[in-house]
Each structure stands twice: as structure tokens, then as C-alpha cells.
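To start, the structure itself, in C-alpha cells.
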Amino acid sequence: MIRPLFTFPAAIALLALIAGCSSLLPKSREVTASPWQTYQDAQDAFDKIIPGQTTIAELRQMSLDPARNANIAILNYADVMRRFMLNQSFSINDLDNGVRDCVSAKVACRGFEINQSQVHRQRMGNVVLDVLGFQRETHTAGWRFNGLILLKDDIVVYKLTGGQPAIQQTEENQNPLGPVQAIGSKVTGISF
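In terms of the numbering used here, the sequence shown opens at residue 489 and continues consecutively.
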């Protein structure tokens with residue numbers, strides 16, 4: 489006679505234990521290499537930049553050096569023009585003075601584009617319902633920072649910042665038919 493691996497009460501107890509362990513659910517983390525730990529750290533660094541005064545050497549001291557810090561793109565004047573000259577009806581006279589000075593300087597113009605982020609995703613809820621595809625809940629939290637610095641002859645002539653200081657998002661998916669619903673949509677190409 490073959491003995492079952494688990495008795496019925498033991499199987500129920502195991503499922504109950506697994507169902508309560510949200511630590512078994514997947515987690516992901518998206519972090520760019522950055523000298524800053526928070527959005528505010530990045531903004532504080534940019535607030536120290538003074539157009540017309542801050543030099544390339546001072547930017548290096550502020551950890552804004554593409555040669556030493558990852559995720560800082562170097563832009564030439566053609567890249568800068570593409571970013572600011574959106575269409576034919578837009579004239580160079582419509583640009584901010586710093587951008588106009590940079591673009592007019594041609595090869596003496598360059599820019600640094602900084603994109604930094606720290607985003608964490610974690611699935612929450614019941615492991616069994618999640619794994620079987622009945623119910624899935626994902627929490628996302630973090631920040632994203634974007635900055636642009638334009639230099640003419642190694643002096644900052646323009647700066648711009650943006651991004652998301654705080655990301656808080658919850659995504660919930662419910663499939664009443666669970667795995668059957670996922671199989672049906674793959675076979676028919678129709679999602680329920």
C-alpha cells in the first residue's frame with residue numbers, strides 16, 4: 489500500500505501556512521547608480537548650481553561628472569537643439585537666454601542629462617491566490633529625478649530639474665477564473 493506524502497489535515501495546515509506568507513511573493517528593485525539617496529538630495533545638489541558662475545570643476549566636486557558617475561549622459565549642441573527646437577515654428581529667439589547662448593556656441597556647447605531613480609516593487613496578499621492568478625496586488629514606491637545642465641566653455645549657462653519626488657502606486661488584478669482565465673485568453677486571444 490502506498491502511503492500519502494501528506495495527510496489531509498497536514499496538507500490543509502501547509503496551505504494555510506503558505507497562504508499567510510506574503511514574504512514568498514516576488515519583489516523587485518530598480519535603482520540607478522547615484523550619489524544621492526533621495527530626490528531631495530539630488531535637488532539640493534542642483535540648487536547649488538548657479539548659471540553663469542558654476543564651473544565644470546565645481547560640478548565634479550558635486551558628483552556631477554559623467555566620467556566618474558554612472559547615468560549621466562553627455563549631450564552635444566545638436567542634441568541640445570533637438571531637445572529645445574521642437575518644430576519649425578519655434579525660433580531660437582523663443583529659447584531661454586542660457587539655452588540660446590549654448591546652442592549659438594556650437595562646439596563650445598555641451599550638456600549633461602541626469603536620470604536617477606530608486607523604485608521598489610513588492611507583491612502583497614495571499615500567496616496561493618497570487619500564484620494561481622486569482623488575485624495579485626503590487627505596491628510600488630520610490631522616486632525619479634531628471635536634471636539637465638548646459639555648459640558653454642565649461643561654465644554652466646542653464647539648468648533644469650524635474651521628476652517625481654514620491655512614487656506611491658498600488659496595482660490590483662483580479663481574475664475570478666484564475667489560471668483558467670489566463671489559459672483561455674492565450675488560446676483565444678481575448679481577455680476577459
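Ideal placement from N, C-alpha and C gives every residue a C-beta, glycine not left out.
Quantities reported herein were computed from a predicted structural model and do not represent experimental measurements.
Compute the Euclidean distance between the alpha carbons of residue i and residue j, then round it to the nearest angstrom.
{"i": "N564", "j": "A555", "result": "15 Å"}
{"i": "C597", "j": "L547", "result": "16 Å"}
{"i": "F633", "j": "I562", "result": "17 Å"}
{"i": "D567", "j": "D553", "result": "18 Å"}
{"i": "Q610", "j": "P664", "result": "22 Å"}
{"i": "Q525", "j": "H627", "result": "20 Å"}
{"i": "R571", "j": "L583", "result": "11 Å"}
{"i": "M612", "j": "D535", "result": "38 Å"}
{"i": "H608", "j": "A654", "result": "12 Å"}
{"i": "Q541", "j": "I560", "result": "21 Å"}
{"i": "Q682", "j": "N585", "result": "Here the chain has residues from 489 to 680 only, and residue 682 is not among them."}
{"i": "M573", "j": "F622", "result": "49 Å"}
{"i": "V615", "j": "D589", "result": "58 Å"}
{"i": "I482", "j": "A593", "result": "There is no way to answer for residue 482, as the model of the chain reaches only from 489 to 680."}
Do residue j and residue i come within 8 Å of each other at the CB atom, strictly closer than that value?
{"i": "W631", "j": "Q662", "result": "no"}
{"i": "E625", "j": "T658", "result": "yes"}
{"i": "P523", "j": "V644", "result": "no"}
{"i": "Y527", "j": "G651", "result": "yes"}
{"i": "Y646", "j": "V595", "result": "no"}
{"i": "Q656", "j": "A629", "result": "yes"}
Assuming residue i and residue j are in contact, meaning their beta carbons sit under 8 Å apart, how far apart are those beta carbons, in whole angstroms?
{"i": "F578", "j": "I637", "result": "Actually they are not in contact, since the Cβ atoms of F578 and I637 sit about 22 Å apart, beyond 8 Å."}
{"i": "V591", "j": "I580", "result": "7 Å"}
{"i": "A530", "j": "M550", "result": "Rounded, the Cβ-Cβ distance is 10 Å, inconsistent with contact."}
Looking only at its own chain, which residues have a Cβ that is under 7 Å from the Cβ of residue i, when we skip the five neighbours before and after it?
{"i": "I544", "result": "L639, D642"}
Got a sec? Which residues, its chain only, sit under 6 Å from residue i by beta carbon, not counting five neighbours each side?
{"i": "A558", "result": "A521"}
{"i": "M569", "result": "V591"}
Give a single yes or no on whether residue i has its beta carbon closer than 7 Å to a heavy atom of the ligand NAP.
{"i": "K594", "result": "Absence of the ligand NAP from the depicted structure is noted, as is the absence of any ligand whatsoever, leaving it without description."}
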